[in-house]
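A quick write-up on the structure given underneath.
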Amino acid sequence: MADSQAHRRVAQWLAETESWVAFTGAGISTESGIPDFRSPGGIWSRSQPVMFDDFLARADARREYWRQKCEAHGDFARAEPNDGHRVLARWEETGRLLGVITQNIDGLHQAAGSSRVLELHGTARQIACLGCDARFDPDPLVERFQADGVVPDCPECGGLLKHATVSFGQALPPDVLQEAVEWGRRCDVMLAMGSSLVVEPAASLPQVARQEGARLVIINRDPTGQDASADEVIHASIGATLVGIDRCLREARCD
Ligand code: ZN
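Numbering (the numbering used here), first residue to last: 47 to 301.
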């Protein structure tokens with residue numbers, strides 16, 4: 047089978063190198079039942095996202111933001127990590143996966159056991175105060191908003207509360223981005239999974255790795271913007287593919 051040959055090739059590259067980096071996008075989480083927000087039927091096909099400046103400026107925008115976030119909250123709260131998340135967590139334990147750079151905000155890599163995770167877009171598993179940066183568990187705040195429709199304020203300083211995610215119109219955290227570039231430079235193999243690799247920084251991180259001599263492996267259901275420059279492209283389920291590669295790696299053979 048073509049796939050098992052590809053699994054064997056990738057496993058071979060992993061076996062002969064010491065530092066790997068995973069880059070993940072929405073595709074790894076759709077396999078856990080989290081809808082891709084941008085896909086048809088996703089939240090952005092029904093609602094206009096609230097821009098960060100509007101959130102700061104207007105109470106009605108903050109209310110709409112909280113309404114949308116509470117709608118998405120159930121998907122996150124119910125989701126469990128899948129085989130793909132679990133294989134990456136095991137690879138971190140071996141000391142050879144430097145970590146996971148992710149565009150996802152669902153926290154499923156950590157739930158699977160990964161501890162070195164760079165969240166480019168922040169996390170929906172926390173609420174942050176824009177005034178004092180205090181962090182809160184989202185569950186009680188979401189429940190309260192759903193009950194009374196009142197946008198909550200920070201209990202410590204009265205500041206604005208928002209999910210600890212990067213909103214539309216808000217800059218990516220520069221320290222996280224810088225570390226991601228650093229990992230890209232250091233790795234021997236970059237596995238880019240579940241991202242169409244067209245928006246920044248997803249578009250340039252794999253290229254940073256390649257320019258420093260790393261192999262680029264792309265695993266995605268659909269073609270991506272960078273298939274042409276990858277050393278291996280696998281259009282298949284991420285979970286099943288990582289399980290296949292992991293088996294080859296452990297058995298040092300695959301057939
Ligand atoms: Zn505060």
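Built from N, CA and C at the ideal position, the CB exists for glycine as well.
Bear in mind the structure is a predicted one, so any value in this text is a computation, not a measurement.
Within its chain, find whatever has a CB closer than 6 Å to the CB of residue i; leave out the 5 residues flanking it on each side and keep chain order.
i: L237; result: A68 and V263
i: F122; result: D152 and A170
i: R181; result: Q172 and A174
i: R132; result: A158
i: I40; result: Since the first residue of the chain shown is 47 and the last is 301, residue 40 is not available in this structure.
i: P95; result: F214
i: A135; result: A158, G159 and S160
i: I80; result: D121, A125 and D152
State the start and end residues of the unbroken alpha helix (DSSP H) segment that holds residue i.
i: F122; result: A105 to R124
i: L223; result: P220 to R232
i: E246; result: Counting along the chain, E246 falls outside any alpha helix (DSSP H), and DSSP gives it neither H nor E.
i: R142; result: Taken as a continuous stretch (DSSP letters only), R142 belongs to no alpha helix (DSSP H), as it is neither H nor E.
i: V188; result: P184 to D194
Distance check for residue j and residue i, CA to CA, integer angstroms please.
i: Q253; j: F191; result: 43 Å
i: L223; j: E246; result: 11 Å
i: Q51; j: Q114; result: 44 Å
i: S93; j: R142; result: 41 Å
i: R55; j: E297; result: 13 Å
i: T36; j: V212; result: For the chain, the structure presents residues 47 to 301; residue 36 sits outside this window and is missing.
i: D278; j: A61; result: Sequence inspection shows Glu at residue 278; the Asp mentioned does not correspond to that position. So the alpha carbons of these two residues sit roughly 16 Å apart.
i: D301; j: W66; result: Low confidence applies here, because D301 scores a pLDDT of 43, under 50, leaving its location unreliable and the question unanswered by this model.
i: V197; j: E228; result: 39 Å
i: G240; j: R261; result: 17 Å
i: A107; j: S250; result: 32 Å
i: S275; j: A255; result: 12 Å
i: Q149; j: G195; result: 29 Å
i: V146; j: G168; result: 13 Å
i: G120; j: P184; result: 11 Å
i: I284; j: I74; result: 6 Å
i: R109; j: L102; result: 11 Å
i: Q156; j: D221; result: 20 Å
i: S160; j: L166; result: 16 Å
i: Y111; j: D273; result: 35 Å
i: T140; j: H209; result: 33 Å
i: D179; j: D82; result: 28 Å
i: E205; j: R104; result: The identity of residue 205 in the sequence shown is Gly, whereas the question assumes Glu. C-alpha separation (whole angstroms): 14 Å.
i: A193; j: W137; result: 42 Å
Return the chain-ordered list of same chain residues with a C-beta closer than 8 Å to the C-beta of residue i, the five sequence neighbours on each side being excluded.
i: S242; result: G71, A248, N266, D268, T270 and G271
i: A282; result: D49, I265 and R267
i: L207; result: I173, A174, C175, L176, F182, L187, V197, P198, D199 and C200
i: E225; result: L164
i: Q216; result: F98
If residue i and residue j are in contact, beta carbons under 8 Å, what's the gap, nearest whole angstrom?
i: V188; j: C116; result: 5 Å
i: E258; j: R231; result: 5 Å
i: L154; j: P127; result: 5 Å
i: T63; j: V244; result: At roughly 27 Å, the Cβ-Cβ gap does not stay under 8 Å, so T63 and V244 are not in contact.
Along the beta strand (DSSP E) that carries residue i, what are the first and last residues, could you check?
i: I302; result: Past the edges of the chain, shown from 47 to 301, lies residue 302, and the structure says nothing about it.
i: I173; result: G168 to C175
i: I264; result: R261 to I265
i: A238; result: V235 to M239
i: T70; result: W66 to T70
i: A210; result: L207 to T211
i: V163; result: V163 to E165
So who's on the other strand from residue i, going by DSSP bridges?
i: I10; result: Nothing can be reported for residue 10: it is not among the residues displayed for the chain, which extend from 47 to 301.
i: A181; result: According to the sequence provided, residue 181 is Arg. The question's Ala does not apply to it. According to DSSP, which records beta bridges pairwise, R181 is partnered with A174.
i: D199; result: L206
Can you find the residues in the same chain that come closer than 7 Å, C-beta to C-beta, to residue i, ignoring five residues on each side of it along the sequence?
i: A57; result: I291, C294, L295 and C300
i: V289; result: D129 and V133
i: S78; result: A125, E126, P127, N128 and L154
i: W59; result: V235 and R261
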